[in-house]
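> Heads up: the sequence lines are chains A and B, in that order.
According to the working numbering, the first sequence is numbered sequentially starting from 3.
According to the working numbering, the second sequence is numbered sequentially starting from 3.
For each residue, glycine too, the CB sits at the ideal point set by N, CA and C.
Next up is a structure, given as structure tokens.
There are 2 protein chains.
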Amino acid sequence: MSAPDDERLARAALNQLGEPGDTKMLGLVAELGAVRLHRLLVEEVDPEGLRTDVALRLAAVDPARELERADRLGLRWVVPGDDEWPAGLDDLGGAGAVQERGGVPLGLWVRGPARLDELARGVAVVGSRAATTYGDDVAGEVAGAVARAGRPVVSGGAFGIDYAAHRGAVSAGGTTVAVVACGADRVYPQAHAAMFDHVVRTGAVVSEAAPGCAPHRVRFLARNRLIAALTGGTVVVEAALRSGALNTANWAGRLQRPLMGVPGPVTSAASSGVHEWIRTGAMTLVTRGAEVLELVSPAGVATVAPLRAEETAYDRLSPKQRQVLDAVPVAIAAGTESVARTAGLGLREVHGALARLREAGFVEAGPRGWRLAEEART
Amino acid sequence: MSAPDDERLARAALNQLGEPGDTKMLGLVAELGAVRLHRLLVEEVDPEGLRTDVALRLAAVDPARELERADRLGLRWVVPGDDEWPAGLDDLGGAGAVQERGGVPLGLWVRGPARLDELARGVAVVGSRAATTYGDDVAGEVAGAVARAGRPVVSGGAFGIDYAAHRGAVSAGGTTVAVVACGADRVYPQAHAAMFDHVVRTGAVVSEAAPGCAPHRVRFLARNRLIAALTGGTVVVEAALRSGALNTANWAGRLQRPLMGVPGPVTSAASSGVHEWIRTGAMTLVTRGAEVLELVSPAGVATVAPLRAEETAYDRLSPKQRQVLDAVPVAIAAGTESVARTAGLGLREVHGALARLREAGFVEAGPRGWRLAEEART
Numbered sequence: 003m004s005a006p007d008d009e010r011l012a013r014a015a016l017n018q019l020g021e022p023g024d025t026k027m028l029g030l031v032a033e034l035g036a037v038r039l040h041r042l043l044v045e046e047v048d049p050e051g052l053r054t055d056v057a058l059r060l061a062a063v064d065p066a067r068e069l070e071r072a073d074r075l076g077l078r079w080v081v082p083g084d085d086e087w088p089a090g091l092d093d094l095g096g097a098g099a100v101q102e103r104g105g106v107p108l109g110l111w112v113r114g115p116a117r118l119d120e121l122a123r124g125v126a127v128v129g130s131r132a133a134t135t136y137g138d139d140v141a142g143e144v145a146g147a148v149a150r151a152g153r154p155v156v157s158g159g160a161f162g163i164d165y166a167a168h169r170g171a172v173s174a175g176g177t178t179v180a181v182v183a184c185g186a187d188r189v190y191p192q193a194h195a196a197m198f199d200h201v202v203r204t205g206a207v208v209s210e211a212a213p214g215c216a217p218h219r220v221r222f223l224a225r226n227r228l229i230a231a232l233t234g235g236t237v238v239v240e241a242a243l244r245s246g247a248l249n250t251a252n253w254a255g256r257l258q259r260p261l262m263g264v265p266g267p268v269t270s271a272a273s274s275g276v277h278e279w280i281r282t283g284a285m286t287l288v289t290r291g292a293e294v295l296e297l298v299s300p301a302g303v304a305t306v307a308p309l310r311a312e313e314t315a316y317d318r319l320s321p322k323q324r325q326v327l328d329a330v331p332v333a334i335a336a337g338t339e340s341v342a343r344t345a346g347l348g349l350r351e352v353h354g355a356l357a358r359l360r361e362a363g364f365v366e367a368g369p370r371g372w373r374l375a376e377e378a379r380t
Numbered sequence: 003m004s005a006p007d008d009e010r011l012a013r014a015a016l017n018q019l020g021e022p023g024d025t026k027m028l029g030l031v032a033e034l035g036a037v038r039l040h041r042l043l044v045e046e047v048d049p050e051g052l053r054t055d056v057a058l059r060l061a062a063v064d065p066a067r068e069l070e071r072a073d074r075l076g077l078r079w080v081v082p083g084d085d086e087w088p089a090g091l092d093d094l095g096g097a098g099a100v101q102e103r104g105g106v107p108l109g110l111w112v113r114g115p116a117r118l119d120e121l122a123r124g125v126a127v128v129g130s131r132a133a134t135t136y137g138d139d140v141a142g143e144v145a146g147a148v149a150r151a152g153r154p155v156v157s158g159g160a161f162g163i164d165y166a167a168h169r170g171a172v173s174a175g176g177t178t179v180a181v182v183a184c185g186a187d188r189v190y191p192q193a194h195a196a197m198f199d200h201v202v203r204t205g206a207v208v209s210e211a212a213p214g215c216a217p218h219r220v221r222f223l224a225r226n227r228l229i230a231a232l233t234g235g236t237v238v239v240e241a242a243l244r245s246g247a248l249n250t251a252n253w254a255g256r257l258q259r260p261l262m263g264v265p266g267p268v269t270s271a272a273s274s275g276v277h278e279w280i281r282t283g284a285m286t287l288v289t290r291g292a293e294v295l296e297l298v299s300p301a302g303v304a305t306v307a308p309l310r311a312e313e314t315a316y317d318r319l320s321p322k323q324r325q326v327l328d329a330v331p332v333a334i335a336a337g338t339e340s341v342a343r344t345a346g347l348g349l350r351e352v353h354g355a356l357a358r359l360r361e362a363g364f365v366e367a368g369p370r371g372w373r374l375a376e377e378a379r380t
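Following this line, the structure appears as structure tokens:
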């Protein structure tokens, strides 16, 4: 199923008139519909002063030509009513605005085979551009685990954690999607050209900004809400207190999507924002992909077994043997009778248990009695 | 005020008869009173089989001599009814048992000037014996901050985090208390002899085990509940999945004391237990002393200001200037008119703002227009 042509054209026209996430424009679309709003503007009506804002652009807009041009660039324009339209984006209609950016986008420009409506199963992995080696490694591992579970990894294509996340998904043979702040036909940053090439062939580059648009600060802010809304949950790997990744996190919270953070050393400024959000309860701490998958899955699916250390020789002791071991002094030896008294067990029983504990290397016997073996003391 | 002599003597006798945290013994004391329970045992009554358990020791017990001997060793025996008795210990009466250890202790043996009833203002800082340098550093810093706030730092005197916590408190000129598993007259581990010397002179070494007792595994378990019960909150700095520090944490949780954990790299096994407890909501993440102090203080006292990055040149921009800055392309320059269109502001206003932004180093002007300065791009 596809949206009707007039809807598709009106949305393309409005998309060229306004900025991504322009709350006034998107609010009017929600209220009046795209076709009606576009007609009002063309007819020189000025709802809420919108025509005044977009007057400079209005003359230049030719949506049919824009869609043809996009098609030549390998871009498709996905709008509400299309099969591929991801329902998660509609949640943005009730999620308010941050720094005057918000709302359901008019549509998204997509370059690559990945379908937008499959990203709800995916996970956003985002974080600092100024990532540490530690952050890069962990982001790559988390993204790899998500990809191996057959779920797409979504990020922003930027330096640092974004790049590590895309690369981690690619290395695991998975699908990754870059939601960018410039036009989806552009490559920014240029240093990631090879990675974008790969993403376009196997996943997708997605943007709300019309083709050809340059990356502006304000477009990054609008873009962040899409990363949160398209995915089933957001993981922040490293974010300093001012990191843009926390803007994405804020959107995930507003949209009531699972919001996760990977901790790091408290001495690392790159983790300070993540720690602050975990501390205040806004983010759930995660340490590995399995924990992420549990949180983005329905309850009872992909449940993580509680972390356990590997079974040790101690685990293989019987309860009685453990009771006797507990009663053996750490350093200064004690006789069998003293051990029996502490353990509250009979002498005969304790005698047998001590022999087994000695065999297993837990205790040692000396002239003054029993004590813990060196390696059993800690 | 002091407890009556018969109470003090009965408790000393029972303390020598049973093991620290023996739930049967301590349950009978709670039910019958120490004086009555001691009399029953001497009269060869066998309540709940307790006499059978302690028969081997009963003949040797002489509490008056024990108290004299303790006095010579510089130890005092603090029991319920004494001014110094810390009310927090009574909470153990309703906190159940872990591995058959629990209950309100009969009394505590104390060596050093610190008063037990002042430890409720204090903070327990505990963690792995096999600590990393990172863990040692953070434990020392947290303990130092607690000490500088005039609160005692309580730990277990062991290798690793315990030692770093005591040392951090001492370096900050504060009071520190070691709650140990052997007799309070003993020094274990021997390598900490100098530290114990200092603690005995300025703080206190505290134990539930009778003087002369050797450190046993089971006594460490009993000891851990005291660390949690004596203090106003417990901070775990590093703990692997099996760390004994998590046993202390368990007690802090049972006693509904604030329970805090310091995160570390997710790649560090030494932090894995802490991460697991934070992840599941059992522990609150903390990164520094101020956050610990907030959690152990009454609501509204010692409140931590939300972490903020230092004020930057960006913070000093006016809202209009920021709006213009947001509209300047990151990489490929745009003319003033284009910037004005994106910003949704008048040309004249944008012209002035761009000049100020250039002065402040945020944007640069080239032949093709304005773009973000190199250092303003991330």
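Tell me the rounded alpha-carbon separation between B/PRO107 and B/ALA212.
Answer to the nearest angstrom: the Cα atoms are 12 Å apart.
> Counting only C-beta atoms, is A/HIS218 closer than 7 Å to chain B at any point?
At least one chain B Cβ lies under 7 Å of A/HIS218.
> Give me, in chain order, the residues of the same chain whose beta-carbon lies closer than 7 Å to that of A/VAL37; leave out the 5 immediate sequence neighbours on both sides.
Counting only Cβ-Cβ distances below 7 Å, and skipping sequence neighbours, we find ASP8, GLU9, ALA12.
> Can you give the beta carbon distance from B/ILE163 to B/ALA196, rounded, assuming they're within the 8 Å contact cut?
Not quite, the Cβ-Cβ distance comes to about 18 Å (not below 8 Å), so this is no contact.
> Taking Cβ-Cβ distances shorter than 7 Å, what residues in chain A pair up with B/ASP328?
Those are HIS218, ARG219, VAL220, listed as they occur along chain A.
> Distance cutoff 7 Å, beta carbons only. Does A/HIS277 sit that close to anything in chain B?
Yes, A/HIS277 counts as interfacial toward chain B.
> Closer than 7 Å by C-beta to B/GLN258: which residues in its own chain qualify, once you throw out the five before and the five after it? Chain order, please.
Correct list: empty, nothing qualifies.
> Is any heavy atom in the ligand SAM found nearer than 6 Å to the beta carbon of A/ARG59?
Absence of the ligand SAM is noted for the structure shown, with no ligands found whatsoever.
> At a CB distance below 7 Å, what residues from the segment 339-353 of chain B approach chain A? Give them in sequence order.
Cβ contacts with chain A come from ARG343, THR344, GLY346.
> Starting from A/VAL237, follow its DSSP beta bridges and name the residues at the other end.
DSSP lists A/VAL127, A/MET262 as partners of A/VAL237.
> What are the residues that DSSP puts in a beta bridge with B/SER209?
Answer is B/TRP111, B/VAL182, bridged to B/SER209.
> Between the alpha carbons of A/ALA99 and B/GLU86, how many angstroms are there, rounded?
A/ALA99 and B/GLU86: Cα-Cα distance of roughly 57 Å.
> Take B/ARG131 and list the residues in its own chain whose beta-carbon comes closer than 7 Å to its own, dropping the five residues that flank it on each side.
Within the same chain, B/ARG131 has close Cβ partners ALA160, PHE161, GLY162.
> Just to confirm the assignment, what range does the alpha helix (DSSP H) spanning A/TRP279 have?
Note, A/TRP279: alpha helix (DSSP H), 274-281.
> Distance cutoff 7 Å, beta carbons only. Does B/ILE163 sit that close to anything in chain A?
By this cut-off, B/ILE163 is not an interface position.
> Could you run through the segment 234-245 of chain B and flag, in chain order, every residue whose CB is less than 8 Å away from some CB of chain A?
Hits within the stretch, in order: ALA242, LEU243, ARG244.
> Compare the beta carbon distance of A/VAL352 and A/THR338 with 7 Å and say whether it is the shorter of the two.
Taking 7 Å as the Cβ cut-off, A/VAL352 and A/THR338 qualify as a contacting pair.
> Express the C-alpha separation of A/ARG244 and B/ASP317 in angstroms, rounding to a whole number.
Going from the Cα of B/ASP317 to the Cα of A/ARG244 covers about 11 Å.
> Beta-carbon within less than 8 Å of B/ALA122's beta-carbon, same chain only, minus the 5 sequence neighbours each way: which residues are those?
Here the set comprises PRO88, ALA89, GLY90, LEU232, THR233, GLY234.
> Which residues in chain A have a C-beta closer than 7 Å to the C-beta of B/ALA292? List them in chain order.
The premise fails here: B/ALA292 is roughly 11 Å from chain A at the closest Cβ pair, so nothing lies under 7 Å.
> List the whole-angstrom C-beta distance separating B/PRO154 from B/GLY205, where the pair is believed to meet the contact cut-off of C-beta under 8 Å.
Confirmed, Cβ separation roughly 7 Å.
> Would B/MET3 be called buried (16 or more neighbouring beta carbons within 10 Å of its own) or exposed?
That one is exposed.
> So which residues on chain B does A/ALA333 lean against when the C-beta distance must stay under 9 Å?
Within 9 Å Cβ-Cβ: CYS184, TYR190, PRO191, GLN192, ALA216, PRO217.
> Roughly how many angstroms lie between the CA atoms of B/ALA174 and A/LEU349, to the nearest whole one?
Distance between the alpha carbons of B/ALA174 and A/LEU349 is about 50 Å.
> Chain B beta carbons: is any one of them nearer than 7 Å to that of A/PRO267?
Yes, because at least one Cβ of chain B sits closer than 7 Å to the Cβ of A/PRO267.
> At 4 residues or longer, and completely inside the segment 55-81 of chain A: list those alpha helix (DSSP H) runs for me, N to C.
Runs of the alpha helix (DSSP H) inside the segment 55-81 of chain A: 65-74.
> Hey, which unbroken runs of the alpha helix (DSSP H) at 4 residues or more fall wholly within the segment 299-355 of chain A?
Counting whole runs of 4 or more residues, the segment 299-355 of chain A contains the alpha helix (DSSP H) stretches 321-328, 338-345.
> Strictly under 7 Å for the Cβ-Cβ distance: is A/LEU287 near chain B by that measure?
A/LEU287 counts as touching chain B.
> Pick helix, strand or coil for A/ARG370, following the three-state DSSP scheme.
Three-state DSSP puts A/ARG370 in coil, outside helix and strand.
> So which residues of chain A does B/ILE280 contact, with C-beta pairs closer than 8 Å?
What B/ILE280 touches in chain A: PRO265, ILE280, LEU287.
> Short of 7 Å Cβ to Cβ, which residues in the segment 127-143 of chain A face chain B?
So the close ones are ARG131, ALA132, TYR136, VAL140.
> My guess is that A/PRO111 and A/SER209 are in contact by the Cβ rule of under 8 Å, so how many angstroms apart are they, rounded?
Looking at the sequence provided, one finds Trp at residue 111 of chain A rather than Pro. Their Cβ separation, rounded to whole angstroms, is 5 Å, which keeps A/TRP111 and A/SER209 in contact under 8 Å.
> Closest by CA to B/ALA345, which one among A/ARG71, A/VAL56, A/VAL44, A/LEU34?
It is A/VAL56 whose Cα lies nearest to the Cα of B/ALA345.
> Which residue marks the beginning of the alpha helix (DSSP H) containing A/VAL268, and which one marks its end?
Per DSSP, A/VAL268 belongs to no alpha helix (DSSP H) and is neither H nor E.
> What do you reckon, are the CB atoms on A/LEU261 and A/MET285 nearer than 7 Å?
Contact flag set, yes.
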